[in-house]
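Asks: Residue numbers (our numbering): 314 to 687.
Quick one: the structure is below, questions incoming.
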């Protein structure tokens, strides 16, 4: 109780403080944090794994020839572009991407568990919490940067979570945070519905569920784009889950398909926002994953302390205040915990005033030129 009271007191005091002058020149007015659950750094930086493009080890049902046509090239830099054309054709060129261990760039989790809830807690609160040791942990006692930002008058009611996994209601502590929330199989449309909205609800009601807690990525994308167009949120979390689900199911072909689709969904969201005056040249995207996976013919299906390498992740950033340094090589190691303060920094706030235990922002993703005081 004392810790919670201390956080609230510091948080209230921080609300009264003006944004530091060093942030006065930032162009970013909106931030979108996007997570593709359990998507390995290996696929992001090298593309499809040739040892898994088969039925024996990759569990594929599709034709290996068809998969190779879509996702294979002998050159790994070309191969990764086939899988992630937007990430490599736009994000990496206009922004920065960390985590290619083959080039001396390390991005990792610090929670020591390398699975979802501990990862999301670390990412959103700026520090690991040893108490959060299960996906069934329940309501998060920690305050996320999203909940904290929602207390500022200029952001209140404009902070939203759209995610496929029902557990995000606990991760963001929906009853306490009062964030706009669309998660899991909850019907996305309410009130007086148009025929299109009723059709979407009917699909949610009647589609056979692979997982009772996780809606299909494509089902989330429709209400997400509609919400952005109508409500114009300032801070948005987007969580896609199929890359993790299909890996746990041992279907490498569907891991590749869902990863490719996430890249397409991110492009759709970016282009939708850039076409709107509220977002054009004023929006920063942070794209990442909550944990890595094992590396091997069987280990790729799972993650956690028993799967070596599950602590390794990747982080990409693109926006008007991020210098176009591209793929970071031989850079200082970055951590998942640094994302929370980075979100706030782009929006002109210092999250560590309210959460002293939070890690500092990611290095060099907010341009010093953009933040210089004239």
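Each residue gets a CB set at the ideal place from its N, CA and C atoms; glycine is no exception.
From a predicted model like this one, the values you see are computed outputs, not experimental measurements.
Provide the residue span of the alpha helix (DSSP H) that contains residue 562, from first to last.
Replies: Position 249 of the chain shown, counting from 1, holds the residue named residue 562. First-last for residue 562: undefined, no H or E at that position.
Asks: Just grab the DSSP bridge partners of residue 549 for me.
Replies: Position 236 of the chain shown holds residue 549. Looking at the DSSP assignment, residue 549 forms a beta bridge with 345, 473.
Asks: Can you name the start and end residues of the beta strand (DSSP E) that residue 484 belongs to?
Replies: As a first step, residue 484 is located in the chain shown; it is residue number 171 there, counting from the start. Careful: residue 484 lies outside any beta strand (DSSP E), inside the alpha helix (DSSP H) at 481–484.
Asks: Distance check for residue 513 and residue 336, CA to CA, integer angstroms please.
Replies: As a position in the chain shown, residue 336 is number 23, starting the count at 1. As a position in the chain shown, residue 513 is number 200, starting the count at 1. Note that residue 336 scores a pLDDT of 46, beneath 50, so its modelled location is shaky; the value from the coordinates is reported in the next line. The alpha-carbon atoms of residue 336 and residue 513 are separated by roughly 41 Å.
Asks: Starting from residue 596, follow the alpha helix (DSSP H) in both directions and report where the run begins and ends.
Replies: Within the chain shown, residue 596 is the residue found at index 283, counting from 1. Note, residue 596: premise wrong, no alpha helix (DSSP H); beta strand (DSSP E) at 596–601.
Asks: By DSSP, does residue 420 sit in helix, in strand, or in coil?
Replies: Taking the first residue of the chain shown as 1, we reach residue 420 at position 107. Note: residue 420 maps to strand in three-state DSSP.
Asks: With a cut-off of 8 Å on the beta carbons, I'd call residue 676 and residue 645 a contact; round off their distance for me.
Replies: Counted from its first residue, the chain shown places residue 676 at position 363. Counted from its first residue, the chain shown places residue 645 at position 332. About 6 Å; that satisfies the 8 Å criterion.
Asks: If you measure between the beta carbons of residue 560 and residue 621, is that distance less than 8 Å?
Replies: Position 247 of the chain shown, counted from the first residue, corresponds to residue 560. Position 308 of the chain shown, counted from the first residue, corresponds to residue 621. No, they are not a contact pair.
Asks: Looking at residue 366: is its Cβ nearer than 8 Å to the Cβ of residue 381?
Replies: Residue numbering aside, residue 366 sits at position 53 when the chain shown is read from its first letter. Residue numbering aside, residue 381 sits at position 68 when the chain shown is read from its first letter. One thing to note: residue 366 has its Cβ within 8 Å of the Cβ of residue 381.
Asks: Could you check if residue 447 is buried or exposed, using at least 16 other CB atoms within 10 Å of its CB as the buried criterion?
Replies: Walking along the chain shown from the start, residue 447 turns up at place 134. With fewer than 16 other CB atoms across the displayed protein chains lying within 10 angstroms of its CB, residue 447 is exposed.
Asks: Helix or strand or just coil, what does DSSP make of residue 409?
Replies: Locating residue 409 in the chain shown gives position 96, counting from the first residue. In the three-state reduction of the DSSP assignment, residue 409 falls in the strand class.
Asks: Per DSSP, what kind of secondary structure is residue 639 in: helix, strand or coil?
Replies: Within the chain shown, the letter at position 326 stands for residue 639. The three-state secondary structure of residue 639, taken from DSSP, is strand.
Asks: Identify which residue in 498, 593, 569 has its Cα closest to the Cα of residue 371.
Replies: As a position in the chain shown, residue 371 is number 58, starting the count at 1. It is 569 whose Cα lies nearest to the Cα of residue 371.
Asks: Whether or not the stretch 639–654 and the stretch 427–446 are in contact is what I'm after, with contact meaning three or more pairs of Cβ atoms, one per stretch, closer than 8 Å; do they touch?
Replies: yes
Asks: Could you tell me the alpha carbon to alpha carbon distance between residue 471 and residue 374, rounded to whole angstroms?
Replies: Counted from its first residue, the chain shown places residue 471 at position 158. Counted from its first residue, the chain shown places residue 374 at position 61. Approximately 43 Å between the Cα atoms of the pair.
Asks: So, under 8 Å CB-CB, residue 551 and residue 347 are touching, yes? Tell me the CB distance rounded to an integer number of Å.
Replies: On the chain shown, position 238 is the one that residue 551 refers to. On the chain shown, position 34 is the one that residue 347 refers to. With 8 Å as the limit, residue 551 and residue 347 qualify as a contact, their Cβ atoms being about 5 Å apart.
Asks: Classify residue 441: buried if its beta carbon has 16 or more other beta carbons within 10 angstroms, exposed otherwise.
Replies: Translated into positions along the chain shown, residue 441 becomes position 128. Buried.
Asks: Flag this pair as touching only if the stretch 452–466 and the stretch 616–634 have three or more C-beta atom pairs under 8 Å; answer yes or no.
Replies: No, the stretch 452–466 is not in contact with the stretch 616–634.
Asks: Run the CB neighbour count on residue 368, radius 10 Å, all protein chains shown included, and call it buried at 16 or more, exposed below.
Replies: Mapped onto the chain shown, residue 368 falls at position 55. By the neighbour-count rule (16 or more Cβ atoms within 10 Å), residue 368 is not buried but exposed.
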